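Student:
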Amino acid sequence: MFKPPTPDEATKAIGNLDNLTPVLKKAFTPEKDFEVMPAPKPGDWLAEHFEPGQTYDEYIKSGIVRPDRLRNKIYLQPLGDFAEGKSPSLEKLRTFTSFFFMMPTEILSQIPLEQSVLTSRINPYTGKRQVLTLDVLSLLIKNKPRDAYCVLAITMEDLYPDPSWNFVFGQASPRDRVGVFSFARYDPDFYGGTRPANYKKILLKRSCKVLAHETGHMFSLAHCIFFKCVMNGSNHLQESDARPLFLCPVCLRKL
73 MFKPPTPDEA TKAIGNLDNL TPVLKKAFTP EKDFEVMPAP KPGDWLAEHF EPGQTYDEYI
133 KSGIVRPDRL RNKIYLQPLG DFAEGKSPSL EKLRTFTSFF FMMPTEILSQ IPLEQSVLTS
193 RINPYTGKRQ VLTLDVLSLL IKNKPRDAYC VLAITMEDLY PDPSWNFVFG QASPRDRVGV
253 FSFARYDPDF YGGTRPANYK KILLKRSCKV LAHETGHMFS LAHCIFFKCV MNGSNHLQES
313 DARPLFLCPV CLRKL
């Protein structure tokens, strides 16, 4: 069972700040804006998944891969349609990703599902099309631009990783620095619900959280167990919505 860290334990995970500049010390010092990770509720990620945590010192010793002179761009690969009014703005997602990671971010040409070689099926429970994630990952690896640090396929189509699974929100290969993530189930209409008046804002915020979290994994950031953080694991939509859209001091220092 997950035992929440004490404030001292959470602070220790940030590492020694003595040799940093005053500005960096301030940035990595936990204050009132950062909440120590509380005990999980039944059904939450940490109630069902063991996470050892990753301190800053452990991160540095883990053999991390970083952008370099040759691989210094993030690419977003649209998969299928991003219909206006029903999907997050691709340009806003690109801008967010570029600002969040302070790296050049580009949008690749859309891959039309009707013309692709990707395996798909109709989900028997929802009646909606799903795309096989392993096919997408293979395609991304094959076509990855030479200057890409990572390539993230984003889609409004539902996904599945294996015929035995009902669905998956996304799947990644951090070693190959590629991933595919679906925003489909972040739309209330997916489950037959009514879209609220601020639907576009909700969908964009949820999509940005997914991009920040999953791209963070491409930088070797593990799930955070020390503070409320965008790198916290998530078991369901309510838990994902409760995550902040920023990194805690531990994860920010890693990045």
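Sequential numbering from 73 applies to the sequence shown in my numbering. All C-beta atoms, glycine included, are put in the ideal place defined by N, C-alpha and C. None of these values were measured; they are calculated from a predicted model.
Return the residue from the list Asp313, Phe74, Ala111 that minimises the CA-CA distance to Lys273.
Tutor: Asp313
Student: State yes or no: is the C-beta of Asp230 within less than 8 Å of the C-beta of Arg257?
Tutor: yes
Student: Pull up the DSSP beta-bridge partners for Cys222, would you.
Tutor: Ile146
Student: Output yes or no for whether 8 Å exceeds the beta carbon distance between Phe299 and Phe106.
Tutor: Yes, these two residues count as a Cβ contact at 8 Å.
Student: For Ile136 and Met175, which I take to be in contact (beta-carbon distance under 8 Å), what is that distance rounded to the nearest angstrom?
Tutor: No, Ile136 and Met175 are not in contact; Cβ-Cβ is about 16 Å, not under 8 Å.
Student: Give the DSSP-derived three-state secondary structure of Asp294 in the structure shown.
Tutor: Just to set this straight, residue 294 is Ala in the shown sequence, not Asp. Reduced to three states, the DSSP call for Ala294 is coil.
Student: Taking the alpha carbon of Glu311 as the point to measure from, which residue in Cys323, Val108, Pro114, Glu81 has its own alpha carbon closest?
Tutor: Residue Pro114 is the option with its Cα nearest to Glu311.
Student: Assuming Leu212 contacts Val250 (C-beta within less than 8 Å), just tell me the rounded distance between them.
Tutor: 4 Å
Student: Could you check whether the stretch 108-124 touches the stretch 179-194, counting it as contact only if at least three pairs of C-beta atoms, one from each stretch, sit closer than 8 Å?
Tutor: no
Student: Would you mind stating whether Ile179 and Leu148 have Cβ atoms separated by less than 8 Å?
Tutor: yes
Student: Using the rule of at least 16 other Cβ atoms within 10 Å of the residue's Cβ for burial, across every protein chain shown, is Pro150 buried or exposed?
Tutor: buried
Student: Touch check for the stretch 81-92 and the stretch 269-284: three-plus C-beta pairs under 8 Å?
Tutor: Counting C-beta pairs with one atom in each stretch, the stretch 81-92 and the stretch 269-284 have fewer than three that are closer than 8 Å, which means they do not touch.
Student: With a threshold of 8 Å between beta-carbons, can Pro94 be considered close to chain D, or not?
Tutor: Protein chains in the displayed structure number just one, and chain D is not present.
Student: Restricting to runs no shorter than 3 residues, where is the beta strand (DSSP E) found entirely within the stretch 223-287?
Tutor: 230-232, 242-245, 250-254
Student: Measuring alpha carbon to alpha carbon, tell me which residue in Glu120, Pro139, Lys281 is nearest Asn307.
Tutor: Glu120
Student: Would you call Val95 buried or exposed, if buried means 16 or more other Cβ atoms sit within 10 Å of its Cβ?
Tutor: exposed
Student: What residue range is occupied by the uninterrupted alpha helix (DSSP H) comprising Gln187?
Tutor: Premise fails: Gln187 is in no alpha helix (DSSP H) and is neither H nor E.
Student: Quick one: is Ser254 buried, meaning 16 or more other Cβ sit within 10 Å of its Cβ, or exposed?
Tutor: Ser254 should be labelled buried.
Student: Just list the residues that DSSP pairs Gln126 with in beta bridges.
Tutor: Partner(s): none; Gln126 has no beta bridge.
Student: Can you pull the DSSP bridge partners for Val137?
Tutor: Bridge partners of Val137: none, in fact.
Student: In the DSSP assignment, what are the bridge partners of Ile179?
Tutor: Leu148
Student: State the DSSP-derived secondary structure class of Phe154, mapped to helix, strand or coil.
Tutor: Here Phe154 carries a coil assignment [DSSP, helix/strand/coil].
Student: Of the residues Cys301, Thr205, Leu293, which one's Cα is nearest the Cα of Tyr128?
Tutor: Leu293
Student: Span of the alpha helix (DSSP H) holding Arg166?
Tutor: 162-173
Student: Rounded to the nearest angstrom, how far is the Cβ of Leu317 from that of Leu327, given a contact under 8 Å?
Tutor: Actually they are not in contact, since the Cβ atoms of Leu317 and Leu327 sit about 14 Å apart, beyond 8 Å.
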